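Student: Using the working numbering, you'd call the opening residue of the sequence shown number 3 and step up by one each time.
Cβ atoms here follow ideal geometry from the backbone N, Cα and C, with glycine treated the same way.
Quantities reported herein were computed from a predicted structural model and do not represent experimental measurements.
Sharing a structure below in structure tokens format, with a few things to ask.
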Amino acid sequence: HSDARARLKTQLTSVTTIIESRLREFESPVRELSLTLGQLVACSVPLVEVPIQLQTGSEALAMGTVVRFTELLSRVIRLLPLATDSDIDSDKISRFALDLTPFLQQLREAFEIQDGVLIGDLLEYEIAPRLAQLPSLMPDGYIRTEESAKE
3 HSDARARLKT QLTSVTTIIE SRLREFESPV RELSLTLGQL VACSVPLVEV PIQLQTGSEA
63 LAMGTVVRFT ELLSRVIRLL PLATDSDIDS DKISRFALDL TPFLQQLREA FEIQDGVLIG
123 DLLEYEIAPR LAQLPSLMPD GYIRTEESAK E
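See below:
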């Protein structure tokens, strides 16, 4: 019984966390988008390490990084329509997304066929450098970290 209760408690905590996150997205979409973009840009650094992790047997660490990247990217996609901010150049963002999409499709295909070399190359040479360009697409000071949001 205690094992089942512990699992249920863990699942309820996870659901609560997701609901709280979605509420923050609806209450403050611009702030949440700004923070999420900051996290996504910061994610470009560990993405470059994924090929090495895959080659050295650290698959779990590599997959954790890729999962984090996909969660953040999904959140940005979810938040963009909610964050109606006239300072955002939607044409630039659309071009960025169009440029990134083929590489994301190739990444999905590389995972399907379990091609570690292609996964690594796409992350290191195509996706991570594009993520690093995100700050130049947004208004100055728009992309924030958790620390800058507390100020």
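1. Identify whether Ala85 lies in helix, strand or coil by the three-state DSSP scheme.
2. Can you give the Cα-Cα distance for Leu63 and Gln55, rounded to whole angstroms?
3. Please list the terminal residues of the continuous alpha helix (DSSP H) segment that includes Gly40.
4. Buried or exposed for Gly122, going by 16 or more other Cβ atoms inside 10 Å?
5. Let me know the secondary structure DSSP gives Arg146 once reduced to three states.
6. Please return the same chain residues whose Cβ sits closer than 7 Å to the Cβ of Arg146, not counting the five positions on each side in sequence.
7. Between which two residues does the alpha helix (DSSP H) harbouring Ser60 extend?
8. Check each candidate in Val68, Glu27, Gly59, Glu22 and name the one with the smallest Cα separation from Ala112.
9. Identify which residue in Val50, Leu81, Thr15 has its Cα closest to the Cα of Ala130.
10. Nearest-angstrom Cα distance between Leu74 and Thr12?
11. Can you look up Asp101 in the DSSP assignment and give me helix, strand or coil?
12. Just verifying my parser: in three-state terms, what is the DSSP assignment at Ile90?
Tutor: Let me lay it out:
1. Coil at Ala85, not helix or strand.
2. When the Cα atoms are used, Leu63 and Gln55 turn out to be separated by approximately 7 Å.
3. 31-57 is the span of the alpha helix (DSSP H), which, as asked, contains Gly40.
4. Buried is the call here.
5. Arg146 sits in coil when the DSSP states are folded into three classes, being neither helix nor strand.
6. Excluding the 5 residues flanking it on each side, Arg146 has same chain C-beta neighbours closer than 7 Å at Ser36, Leu37, Gly40, in chain order.
7. No alpha helix (DSSP H) contains Ser60, which DSSP labels as neither H nor E.
8. Of Val68, Glu27, Gly59, Glu22, the residue nearest in Cα terms is Val68.
9. The option with the nearest alpha carbon to Ala130 is Val50.
10. Looking at the two C-alpha atoms, the distance is approximately 22 Å.
11. Under the three-state reduction of DSSP output, Asp101 falls in the helix class.
12. DSSP, read as helix, strand or coil, puts Ile90 in coil.
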